[in-house]
Amino acid sequence: MDIEAAARAVKDRGESTRRPGRDPVNLPMVRNWLEALGDDSPAYTEVAPPAMAQVWTMGGLHHRRADDDPLGAMLAVLDDAGYTSIVATDCEQTYHRYLRYGEEVAIASRLETVVGPKRTALGDGWFVTTRNTWYVGDEPVAEMMFRVLKFAPAPAEPKPAPVIRPMVNRDTEYFWEGTARGELRVQQCGGCGELRHPPGPMCPSCTETKPGYVVASGLGEVYSYVVHHHPPVPGHTLPFVVALVELEEGVRFMAELAVPPEEVHIGLPVRIGFRRVDDELTMPVWRRR
Numbered sequence: 001m002d003i004e005a006a007a008r009a010v011k012d013r014g015e016s017t018r019r020p021g022r023d024p025v026n027l028p029m030v031r032n033w034l035e036a037l038g039d040d041s042p043a044y045t046e047v048a049p050p051a052m053a054q055v056w057t058m059g060g061l062h063h064r065r066a067d068d069d070p071l072g073a074m075l076a077v078l079d080d081a082g083y084t085s086i087v088a089t090d091c092e093q094t095y096h097r098y099l100r101y102g103e104e105v106a107i108a109s110r111l112e113t114v115v116g117p118k119r120t121a122l123g124d125g126w127f128v129t130t131r132n133t134w135y136v137g138d139e140p141v142a143e144m145m146f147r148v149l150k151f152a153p154a155p156a157e158p159k160p161a162p163v164i165r166p167m168v169n170r171d172t173e174y175f176w177e178g179t180a181r182g183e184l185r186v187q188q189c190g191g192c193g194e195l196r197h198p199p200g201p202m203c204p205s206c207t208e209t210k211p212g213y214v215v216a217s218g219l220g221e222v223y224s225y226v227v228h229h230h231p232p233v234p235g236h237t238l239p240f241v242v243a244l245v246e247l248e249e250g251v252r253f254m255a256e257l258a259v260p261p262e263e264v265h266i267g268l269p270v271r272i273g274f275r276r277v278d279d280e281l282t283m284p285v286w287r288r289r
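In my numbering, the protein residues as written are 1 to 289.
Okay, structure coming up:
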């Protein structure tokens, strides 16, 4: 489709038929408009605020554009050409005089320019500029230059798959600091020296509340496992294996096992690995030895 040729044809049609507003300029509408803006000025007892020019010819919720509306015609042309999104970019209003209560206002529009294609941050598109003129009888009382960008949205950049993030608190932060360093840290009681996982604030053996940690070798054997088929889990491709591994140090630790489900068995020798999710999270993952 020749967009520039279509624009010339719409522009050559000149100004559209004047469309009258639904109601004359009236004080109740002015009062509602001023209240919505928080304007308590007493200046509008005999004339309406100039910036309300557009209000008097708004079409309402069920308004349909006229066949000779230039903006509607160009939007349809650009839609057909694949420029399906729109954003307003510029608006300039000029007021020739105040409107008085009881006056009937009509609006007419003409196409000024269609410029493009232009590359923007939103995508490639065309800038469409129209000019609306409001009339009382044959007298122009206000004008508005209105410009929109009609664009084809740029392809979205692929986003990394989301993951279910672990809860990090003062009892577990040492562990996640360790995964970021490539270490599998196991909590050790500062009283009796017992190793335990998952971590907690108090030793279940001696009730001491002085937890420390040791860095495990990261070697062990599969003690038990499940193959997860459903439901879907963010950041994982189904099916995947979750394994409970008994470490050389004697504690058991659970994490995803990066081995095809059909190749997993009890006693499979594994070692710990680490999968960096982002700058704040590194997840442990078992791999075959």
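C-beta atoms are modelled at their ideal positions from N, C-alpha and C, and glycine is treated no differently.
Starting from residue i and walking both ways along the beta strand (DSSP E), at which residues does that stretch end?
| i | result |
| --- | --- |
| N132 | D124 to V136 |
| S109 | A106 to R119 |
| V148 | E139 to F151 |
| A154 | Taken as a continuous stretch (DSSP letters only), A154 belongs to no beta strand (DSSP E), as it is neither H nor E. |
| M254 | R252 to L257 |
| C189 | R185 to C189 |
Residue range of the alpha helix (DSSP H) that residue i falls in?
| i | result |
| --- | --- |
| G178 | E173 to A180 |
| D79 | P70 to D80 |
In angstroms with no decimal places, state the Cα-to-Cα distance between residue i and residue j.
| i | j | result |
| --- | --- | --- |
| F240 | G190 | 37 Å |
| R147 | P162 | 39 Å |
| E139 | G59 | 21 Å |
| C203 | E194 | 8 Å |
| A66 | E15 | 12 Å |
| L34 | T133 | 23 Å |
| V222 | R181 | 24 Å |
| S85 | L149 | 8 Å |
| E177 | A216 | 14 Å |
| S109 | T129 | 11 Å |
| P261 | D80 | 50 Å |
| G102 | V30 | 12 Å |
| R18 | F151 | 29 Å |
| P269 | L219 | 8 Å |
| Y213 | L184 | 10 Å |
| V55 | P28 | 13 Å |
| E4 | V114 | 7 Å |
| P201 | R170 | 9 Å |
| C192 | K210 | 10 Å |
| R288 | P166 | 24 Å |
| C91 | P155 | 28 Å |
| P284 | T237 | 17 Å |
| R271 | V233 | 24 Å |
Can you check DSSP and say which residues form a bridge with residue i?
| i | result |
| --- | --- |
| Y95 | A142 |
| A88 | V148 |
| G273 | V285 |
| P211 | C189 |
| R100 | V47 |
| L195 | Q188 |
As an exercise, report each continuous alpha helix (DSSP H) stretch of at least 4 residues that is fully enclosed by the region 2-26, in chain order. 3-12
Can you give, in chain order, each stretch of the beta strand (DSSP E) that sits fully within the region 213-249 and has at least 3 residues? Fully enclosed beta strand (DSSP E) runs of no fewer than 3 residues occupy 219-228 and 240-247 of the region 213-249, in order along the chain.
Do the region 47-54 and the region 94-103 touch if we need at least three Cβ pairs shorter than 8 Å? yes
Please go through the region 42-71 and give each complete alpha helix (DSSP H) segment of 4 or more residues, from N-terminal end onward. Secondary structure within the region 42-71: not one fully enclosed alpha helix (DSSP H) run of 4 or more consecutive residues is present.
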